[in-house]
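For the protein sequence lines, the chains are A and B, in the order given.
Position in the first sequence (first residue = 1) + 1129 = my numbering.
Position in the second sequence (first residue = 1) + 14 = my numbering.
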Amino acid sequence: MARIIVVTSGKGGVGKTTTSAAIAMGLAKKGHKTAVIDFDVGLRNLDLIMGCERRVVYDFINVVNGEATLHQALIKDKNCSQLYILPASQTRDKDALSKEGVEKVLEELSKTFKYIVCDSPAGIEKGAHLAMYFADDAFVVTNPEVSSVRDSDRMLGLMSSKSRRAEQNQEPIKEYLLLSRYSPDRVKLGEMLSVEDVQEILSLPLLGVIPESKSVLNASNAGIPIILDEKSDAGQAYADIVARYLGEDKPHRFIEDKKGFFGKLFGGK
Amino acid sequence: MSLLDYFKTSKTSTASLAKERLQILVAHERTSRHQPSYLPELQDELLNVVRKYANVDQDAIFVNFEQDEHQETLELNIVLPEDNHGKKPKR
Ligand SMILES: Nc1ncnc2c1ncn2[C@@H]1O[C@H](COP(=O)(O)OP(=O)(O)OP(=O)(O)O)[C@@H](O)[C@H]1O
Ligand SMILES: [Mg+2]
């Protein structure tokens, strides 16, 4: 049986696709056979971030509609043999996905994969609902910013009432906070919500903090998941996140301002 | 004093403002999440009934839904105008 992880946020542009690509690669590199699915039908982007855009032949919708087999549609990652990508359709609209169709694909993947990572589209409508509906774990990607925190809370509400686990009265989805685009120096200056603030509001266990980092854009320019840039802070943050998710004990990093003295001078809490 | 000056001079950081606003908003949204979806319509119809008898404002009605382990309660609060007790408004 596979473990199904949804990467979700409600709000758009907070780093879901960046995160999906990174953690899928991280899990695969740890030796776990992993599939990552782009649920953003009509706005496919995961293929670009994973650097496999020119190898897309069939997509998720083709599989759902029986126009291609899963085997034909899955793209084997060029960096890691344990990782496969199922791209979204670029031409169809999101109504092409149905609960039954998604369930069928997830069930088939579950037979051979250890982890299935679902990259959710933004919003709280059909695409986002289907991406989280079958999930066992949820990685809630949040930016330290009011609208993102509010939308994350909205998404948490939906997962606790409209997921399969909720509807069938099973153990609820395990939800984790991934606080992304964090700037410790701005937190010190009182310009940005701190990780404690966000945790207090959302009451979620923290899986990791991903710093605001220039290396993320460089990685996406090249089509290489950021986690493969082992020298970068964001890459290391994602490696920690994967390790923590797998049960390793890793102290949190990237929360403190490196300019310690400067920060103390301005006395954040 | 402009809003910008306020941010500059005030000891409250914008981050703590954000936190305070979010705490209030999120608490409010969490309670309304569990409300039955007919609530706004109910509120509207109740208001129309009341208005047959008293000249109340749109915002003079307050509906609160609460839920605990044992029961669900609907609390209704209608503020009547001071001047026209019992008087039927022109329709
Ligand atoms: N830690 C980071 N530091 C700097 N930039 C980042 C970071 N994480 C993500 N970004 C940038 O933010 C933008 C949005 O990221 P991404 O596409 O992953 O978000 P998304 O949540 O998937 O968006 P959508 O809701 O549109 O699907 C991208 O330009 C990405 O490079
Ligand atoms: Mg995305």
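Beta carbons: idealized from backbone N, C-alpha and C, even for Gly.
Query, Result
"Any heavy atom of ligand 2 within a distance shorter than 7 Å of the CB on A/T1399?", "In this structure chain A extends from 1130 to 1398, so residue 1399 of chain A is not present and cannot be described."
"Between B/E43 and chain A, is the shortest Cβ-Cβ distance under 8 Å, so that the two count as touching?", "yes"
"Compute every distance between the C-beta of A/G1142 and the non-hydrogen atoms of ligand 1, then say whether any falls below 7 Å.", "yes"
"Using a threshold of 8 Å, state whether the C-beta atoms of A/P1340 and A/D1362 are closer than that.", "yes"
"Quick one: grab the DSSP three-state call for A/E1274.", "coil"
"Short of 9 Å Cβ to Cβ, which residues in the segment 1290 to 1319 of chain A face chain B?", "S1290, R1315, V1316, L1318, G1319"
"Within the present structure, is the beta-carbon of A/D1248 separated from the nearest heavy atom of ligand 2 by less than 7 Å?", "yes"
"Report the residue ranges of all alpha helix (DSSP H) runs contained in full by the segment 1203 to 1237 of chain A; include only those spanning at least 4 residues, in chain order.", "none"
"Please report how far the alpha carbon of A/V1165 lies from the alpha carbon of A/Y1367, in whole angstroms.", "16 Å"
"Touching or not, the segment 1283 to 1300 of chain A and the segment 1148 to 1158 of chain A, by the rule of three or more beta carbon pairs under 8 Å?", "no"
"What first and last residue would you give for the alpha helix (DSSP H) that runs through A/F1189?", "1189 to 1193"
"Does the beta-carbon distance from B/V77 to B/L88 come in below 8 Å?", "yes"
"State yes or no: is the C-beta of A/D1169 nearer than 7 Å to some heavy atom of ligand 2?", "yes"
"List the endpoints of the continuous alpha helix (DSSP H) containing A/G1364.", "1362 to 1374"
"With distances taken Cα to Cα, identify the nearest neighbour of B/N91 among B/E83, B/K66, B/P54, B/A74.", "B/A74"
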